[in-house]
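Protein chains in written order, with our numbering: chain L, 9 to 353; chain S, 9 to 353.
Beta carbons are placed, not taken as given, at the ideal position from N, Cα and C, and that holds for glycine.
Here's the structure we're looking at; comments come further down.
Protein chains: 2
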Amino acid sequence: MEYRRIKDQDKIGDPVNEDIESLRGKPILDVAAPYDKTKWKMKSVVTLALTFLTSSQAILIVWSKRAGRYEYSVTTANFLVEALKCALSLVALGRIWRTEGVTDDNRLSTTVDEVSVYPIPAALYLVKNLLQYYIFAYVDAPGYQILKNLNIISTGVLYRIILKKKLSEIQWAAFILLCAGCTTAQLNPSSDHVLQTPFLGWMMAIVMALLSGFAGVYTEAIIKKRPSRNINVQNFWLYVFGMAFNLIAILVQDFDAVVNKGFFHGYSPITVLMIINHALSGIAVSMVMKYADNIVKVYSTSVAMLLTAVVSVFLFNFHLSLAFFLGSTVVSVSIYLHSIGKLQR
Amino acid sequence: MEYRRIKDQDKIGDPVNEDIESLRGKPILDVAAPYDKTKWKMKSVVTLALTFLTSSQAILIVWSKRAGRYEYSVTTANFLVEALKCALSLVALGRIWRTEGVTDDNRLSTTVDEVSVYPIPAALYLVKNLLQYYIFAYVDAPGYQILKNLNIISTGVLYRIILKKKLSEIQWAAFILLCAGCTTAQLNPSSDHVLQTPFLGWMMAIVMALLSGFAGVYTEAIIKKRPSRNINVQNFWLYVFGMAFNLIAILVQDFDAVVNKGFFHGYSPITVLMIINHALSGIAVSMVMKYADNIVKVYSTSVAMLLTAVVSVFLFNFHLSLAFFLGSTVVSVSIYLHSIGKLQR
């Protein structure tokens, strides 16, 4: 299978992973070495960017819902997100070519061997998005929000199995707490309906969590496969296939609407803001995959979820529930345990 | 203050604490030494007994509520619980005197110096029980159940301050999780009312948690002060003062009812069962204080709370909520972290 090939190449020589691995045995002070410091800084910046973008994303969604119902086609918006990401990657590449010149690492042209794995994450997301339409026959929207927390567990398990990276016992405990804490924070009086989800609904939720986790972990494998390769080139190819698969989604789901009403029907300034935000978040996710990993991504988006709720108190007069406080406490302890679990292994 | 005196004596020579301390530096295999094995066994037996008795206690309460309203006076029942504990301690002592003879460690007679601290836990519980009548002006009964989880934190903090015993970072994290997990497991759609508790209600809840935590930690200090002293003698003196303070409670609160309707008015077979159960649980708590500590007690009663809910599904057709599953998960992870936290310090 494809991901086996990626891993085998990883073993032969992967400077980034080797750097990470070599840190484990070292005393803590060594982390402050100049190269590691830059890497740590990069990791922090992209993680904070992802947290900020994800929470503002959620706030834009609440805002757009308050402004009225979705009238634009979601598939065309998704296509534009991929197109914008592609364009931004090209702009960044252009600047790099001007300052550093074209090298083997930042040239756009590629080999079939390199590019052959790039469509896979986009294809997995497409299947997941299509399944999303069917799961609502079994679960309501708030219930689906709860079930989406299964992503946390599936990401952890697939990260361990596919990328063969070990988490310490304490970090596994922290990961279970992250899932339980996020779910607790989202509890509302009607959440118990989720327990009545029929068997097929559970199966679909689990399959979707696995698809989503697999796509995330696979993207990390692709990006980390060639650590010296410029991230903008890697992003460009990921997003080209993202555009292609979203074009398929438009044809399958919204072809008539687009032909009759036009591609941009129902777009408002807030839709444009959401597209820009999604594009930037997507690039931040790629950056986190390059300079950190899926575990950091999961923590970052979980913290974003809690931040969103706190910000919504001021913006939309939301009330925070007791469950939210309890869930946030558990998530905070989870983050603390994840960080001390690293040092103690 | 009294507890200072106890601690100072602890420092001079406390075989039990010294044994515990000396374990820390030793390799794990040493724990299996014959003496420690017996102690570990004793610790497990008393902990399991406390867990079993506490959960059956809660089940008896649900059962008695279903059978009808409380008609008996709670103060007379509390007095009988203390009297029964006293009697059981004397029976146990009688057996020991027959087999081992009367020694300095198991003789009932005592000095003013030894006995002077024994009334304090009983007095603290009396004040706490009196406050309990007033807090219901600010919080409803389910809300009070939620606020009672503050006991977990107060016990941990006072255990650290008064007994000067250290918990590792991971064990502190585990303790916060235990509190959050227990509260989450008890959440119901109306729990959010707790957040509207007025300031005075919060203050009373915190004072009650401190009183209850202080009484527990102080009892441990008294019992561990003289490790060679027979636990039944220590219990006898604790319960004698328990009887005395409950007699005061009868006089203050229920004097008229007892004079007019009689001491045993409204007692049913289930009341008798509850008194027996409370007496046995009380003795189990003392045993846990002697052979383990307040931290074990808190874990034991928290697990009992979860067990009660599971058993109630079968006995009373209770439904378990999603919050219960999430809370139980957090409590389970907390127990795991507490146990690995011990080894890693």
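- Counted as a single uninterrupted DSSP element, the stretch harbouring L:Gln-204 is not any alpha helix (DSSP H), since DSSP gives it neither H nor E.
- In the three-state scheme derived from DSSP, where H, G and I count as helix and E and B as strand, S:Ala-300 is classed as coil.
- One alpha carbon belongs to L:Gln-194, the other to S:Phe-207, and they sit about 27 Å apart.
- One thing to note: L:Ile-258 has its Cβ within 9 Å of the Cβ of L:Thr-83.
- Taking 8 Å as the upper bound on Cβ-Cβ separation, chain L lies near residues Ala-188, Gly-189, Thr-191, Thr-192, Leu-195, Pro-197, Ser-199, Asp-200, Val-202 and Leu-203 of the region 187-211 of chain S.
- Counting along the chain, the unbroken alpha helix (DSSP H) around L:Lys-269 starts and ends at 263-269.
- Not a single CB atom of chain L sits nearer than 9 Å to the CB of S:Thr-163.
- Contiguous beta strand (DSSP E) elements confined to the region 224-261 of chain L do not occur, taking only those with 3 or more residues.
- L:Asn-86 is the residue among L:Val-321, L:Phe-322, L:Lys-156 and L:Asn-86 whose C-alpha sits nearest the C-alpha of L:Leu-134.
- Inter-segment contact for the region 266-279 of chain S and the region 143-154 of chain S is absent: fewer than three beta-carbon pairs are separated by less than 8 Å.
- Per the coordinates, the alpha-carbon of L:Ala-181 lies some 8 Å from the alpha-carbon of S:Leu-345.
- One Cα belongs to S:Lys-233, the other to L:Lys-172, and the distance between them is close to 52 Å.
- Residue contact with chain S for L:Val-306: absent (no Cβ-Cβ distance below 9 Å to any residue of chain S).
- Within chain S, the residues whose beta carbon sits less than 7 Å from that of L:Thr-337 are Ile-184 and Ala-188, listed in sequence order.
- Per DSSP, reduced to three states, the secondary structure at L:Pro-197 is coil, with no helix or strand assignment.
- Around the beta-carbon of L:Thr-192, 16 or more other beta-carbon atoms lie within 10 Å, marking it buried.
- Note that the C-beta distance between L:Leu-155 and L:Val-225 is not below 9 Å.
- Among the residues of the region 316-328 of chain S, none has a Cβ less than 7 Å away from any Cβ of chain L.
- Listed in chain order, the non-local C-beta contacts of L:Glu-228 below 7 Å within the same chain comprise Leu-171, Met-297, Asp-301 and Asn-302, local neighbours out to five positions each way being set aside.
- About 6 Å separates the beta carbon of L:Ser-72 from that of L:Met-282, a gap short enough to meet the 8 Å contact definition.
- Look at L:Glu-79 here: in three-state DSSP terms it is coil, with no helix or strand label.
- Neighbours of S:Tyr-152 across chain L, judged by C-beta separation under 9 Å, do not exist; the nearest C-beta is about 14 Å away.
- Straight-line spacing of the CA atoms in L:Glu-90 and L:Ile-184 works out to 32 Å.
- Nearest to L:Leu-68 by C-alpha distance, out of L:Ser-336, L:Phe-326 and L:Asn-285, is L:Asn-285.
- Secondary structure note for S:Tyr-152: its alpha helix (DSSP H) is the uninterrupted segment 149-155.
- Taking a cut-off of 8 Å on C-beta distances, the region 160-171 of chain L does not touch the region 316-324 of chain L, as fewer than three cross pairs fall below it.
- The C-beta distance from L:Phe-244 to L:Leu-92 rounds to 12 Å, too long to meet the 8 Å contact threshold.
- Taking a beta-carbon distance threshold of 9 Å, S:Val-311 does not count as an interface residue toward chain L.
- Between S:Ile-343 and S:Ile-178, the beta carbon gap of about 12 Å keeps them out of contact (Cβ cut-off 8 Å).
- L:Gly-189 sits close to L:Ser-310, with the two beta carbons spaced by under 9 Å.
- Here the C-alpha atom of S:His-273 lies approximately 13 Å from the C-alpha atom of S:Leu-88.
- Around L:Ile-178, the beta-carbon contacts reaching into chain S at under 8 Å are Ile-178, Leu-345 and Ile-348.
- Per the coordinates, the alpha-carbon of S:Asn-157 lies some 15 Å from the alpha-carbon of L:Gly-335.
- A direct Cα-Cα distance of roughly 51 Å separates S:Met-295 from L:Phe-222.
- Taking all protein chains shown into account, S:Ala-292 has 16 or more neighbouring C-beta atoms within 10 Å of its C-beta and is therefore buried.
- The three-state reading of DSSP puts S:His-286 in helix, counting H, G and I together.
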